[in-house]
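**Student:** Position one of the sequence shown corresponds to residue 0 (numbering that gives the first Met the number 0), numbered consecutively onward.
Handing you a structure now.
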Amino acid sequence: MVEVKEESLFEAPPLAEQERMVEAILFATADPVTIKELAGRMPHGCDPAEALVHLRKRYDGRGVNVIKVGDAWAIRTAPDLGFLMQKETIEVRKLSRAAIETLAIVAYHQPVTRAEIEEIRGVSVSRGTVDQLIEMEWIRFGRRKMTPGRPVTFVVTQEFLDHFGLENARDLPGLKELRSAGLLENRPPPGAETGESDEDEDQSELFEDE
Numbered sequence: 000m001v002e003v004k005e006e007s008l009f010e011a012p013p014l015a016e017q018e019r020m021v022e023a024i025l026f027a028t029a030d031p032v033t034i035k036e037l038a039g040r041m042p043h044g045c046d047p048a049e050a051l052v053h054l055r056k057r058y059d060g061r062g063v064n065v066i067k068v069g070d071a072w073a074i075r076t077a078p079d080l081g082f083l084m085q086k087e088t089i090e091v092r093k094l095s096r097a098a099i100e101t102l103a104i105v106a107y108h109q110p111v112t113r114a115e116i117e118e119i120r121g122v123s124v125s126r127g128t129v130d131q132l133i134e135m136e137w138i139r140f141g142r143r144k145m146t147p148g149r150p151v152t153f154v155v156t157q158e159f160l161d162h163f164g165l166e167n168a169r170d171l172p173g174l175k176e177l178r179s180a181g182l183l184e185n186r187p188p189p190g191a192e193t194g195e196s197d198e199d200e201d202q203s204e205l206f207e208d209e
C-alpha cells in the first residue's frame, strides 16, 4: 500500500523568505529564541533550522553574528567589536566579591551544592548572595544530588550564557581571561586570614559601586 503524504493547503514560503522571517524575529526579540518558538511564529511548512543555517553564514564576518545560546538562537554584536560597548560595560555596577566568586564556582563546577561552594570558597555562603543570583536569573536550581539528604544543586542559566556570549558552559574563559576582564582579582580569598563569611558583608547591597 502506497502511503499518501498529506499536503498543506498553503505552500511554505521560499527559503530566502523564511530566512528573512527568522532574521526579523531574532532582531525584534531581546531574549534568545528556540527553533520550536521560531516554528510557532512562522507559517506552516517552514523550516527555521534550515533558514538559520543560511542566515548564520550570511552574517559570518559582519558586525553582528547569529549565535547559538544553549538551545536557542540570537543576534549579538561580534566578539571582536565588544570594545565599542566599553562605555556601557563600565557604567554597569559590579557584583560583590562574594557574588562573583559564588557565580564562578557554579559556572565552573556545575551542578554544585551549597556545601560544595562553601568548601571551595573556604567560607560560608549567605542565603542573600544565592537568592540575588537566582533573582538575576544567572543561576537556577538543578537536580538534587544522589547523596544523603538529597541536597539541591545549582547551575547557570541560559540568561547567563547569553550575557557572556557563550554557547554552553564549556566555553567559559580561563583564569587569565577572567582577570583581564576584571572578574577576578589577585588577592587572597575572603576569610583566608580572618575566617569571615558572607554574613560579615553588607548584604543590603549585593552590588558595589565603581
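C-beta atoms are modelled at their ideal positions from N, C-alpha and C, and glycine is treated no differently.
#1: What are the uninterrupted segments assigned as alpha helix (DSSP H) that are 4 or more residues long and contained completely in the segment 32-78, given in chain order?
#2: Helix, strand or coil: how does DSSP classify ARG96 here?
#3: Near THR112, what residues of its chain come up, given a Cβ to Cβ distance below 8 Å and the 5 sequence neighbours on each side ignored?
#4: Given a threshold of 16 other Cβ atoms within 10 Å of its Cβ, counted over all protein chains shown, does SER203 qualify as buried or as exposed?
#5: Following the continuous beta strand (DSSP E) through VAL151, name the residue where it begins and the one where it ends.
#6: Compute the distance between the beta-carbons of GLY69 and GLN157, then report whether it is under 8 Å.
#7: For ARG126, name the three-state secondary structure that DSSP assigns.
#8: Here's the rule: buried if 16 or more other CB atoms are within 10 angstroms of the residue's CB, otherwise exposed. What is GLU209?
#9: Throw me the rounded Cβ distance for the VAL21 and ALA50 pair, which I believe falls under 8 Å.
#10: Bridge partners for PHE140 per DSSP, in chain order?
#11: Hey, out of TRP72, ALA97, VAL63 and LEU94, whose CA is closest to GLY81's CA?
**Tutor:** Result, derived from the coordinates:
#1: Segments of the alpha helix (DSSP H) lying fully in the segment 32-78: 34-40 and 47-57.
#2: Here ARG96 sits in helix by DSSP.
#3: Apart from the 5 residues on each side of it in sequence, THR112 sits with its Cβ closer than 8 Å to the Cβ of LYS144, PRO150, VAL151, THR152 and PHE153 in its chain, given in chain order.
#4: Because the pLDDT at SER203 is just 36, under 50, the model does not fix this residue reliably, and the point stays unresolved.
#5: Element bounds for VAL151: n/a, residue is neither H nor E.
#6: Cβ atoms of GLY69 and GLN157: closer than 8 Å.
#7: Helix, per DSSP.
#8: Low confidence applies to GLU209: its pLDDT is 37, below 50, so where it sits in the model is not reliable enough to give any reading.
#9: The Cβ separation is near 5 Å, so the contact holds.
#10: DSSP, once it has assigned bridges, lists PHE153 as partnering PHE140.
#11: With distances taken between Cα atoms, GLY81 lies closest to VAL63.
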